[in-house]
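In this note's numbering, the protein residues as written are 10 to 131. Here a beta-carbon is modelled for each residue, glycine too, at the ideal position from N, C-alpha and C. Written out below as structure tokens is the structure these notes cover.
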Amino acid sequence: MGGLSTVMGNRSSHSEAASTVTTVAQSTHPIGPEGLLQLARVFECEDATIREGVRALLAEPHEQLGAIEKTRRVLNWTAWQLADRMAFESLDENRRLWKRFADPQTRKQMRERFEEYTYQWY
Numbered sequence: 010m011g012g013l014s015t016v017m018g019n020r021s022s023h024s025e026a027a028s029t030v031t032t033v034a035q036s037t038h039p040i041g042p043e044g045l046l047q048l049a050r051v052f053e054c055e056d057a058t059i060r061e062g063v064r065a066l067l068a069e070p071h072e073q074l075g076a077i078e079k080t081r082r083v084l085n086w087t088a089w090q091l092a093d094r095m096a097f098e099s100l101d102e103n104r105r106l107w108k109r110f111a112d113p114q115t116r117k118q119m120r121e122r123f124e125e126y127t128y129q130w131y
């Protein structure tokens, strides 16, 4: 909890502190399609490492959900999942934000930097 106090003690806004807590959880635990929708508030975070780290994290699920949605279109309605569809649509609308992380090596480097950075609050 000291990390959160530090964030707030540095005159960061409540929103910035919430973004930090969210990203610590994101960097250490897998998140499903339902959770991906909640990360939209971090897309434009003032902290560049958090902002770019979340963008790098979202590049991969965007690709994965896109492939899943493409496959499901040819299957019948029993393969359709609302959470996957909503997450993919939200990610796809914002794909310009993580376009630079399409390269797996670039994405990996940013994720490592992001995880190292967020562990200070873990």
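Nearest CA to the CA of K117: which residue from V63, L46, A49, E43?
Counting from 1 along the sequence shown, the entry for residue 117 is found at position 108. Of V63, L46, A49, E43, the residue nearest in Cα terms is V63.
Ordered along the chain, which non-local residues of its own chain (more than five positions away) have a Cβ less than 6 Å from that of W107?
To locate residue 107, count along the sequence shown from 1; it is residue 98. Around W107: R64, L67, A68.
What three-state label does DSSP hand I59 in the structure shown?
Here residue 59 is taken as the residue at index 50 of the sequence shown, counted from 1. Helix.
Using alpha carbons as the reference points, say which of T58, Q47, K79, F97 lies closest to R129.
As a working mapping, residue 129 is identified with position 120 in the sequence shown. It should be noted that the sequence gives Gln, not Arg, for residue 129. Measuring from the Cα of Q129, the nearest candidate turns out to be T58.
R82 versus D101 - alpha carbon distance:
As a first step, residue 82 is located in the sequence shown; it is residue number 73 there, counting from the start. As a first step, residue 101 is located in the sequence shown; it is residue number 92 there, counting from the start. Those two C-alpha atoms are separated by around 16 Å.
For P39, does the three-state DSSP call read helix, strand or coil?
Along the sequence shown, read from residue 1 onward, the residue named residue 39 stands at position 30. Coil, per DSSP.
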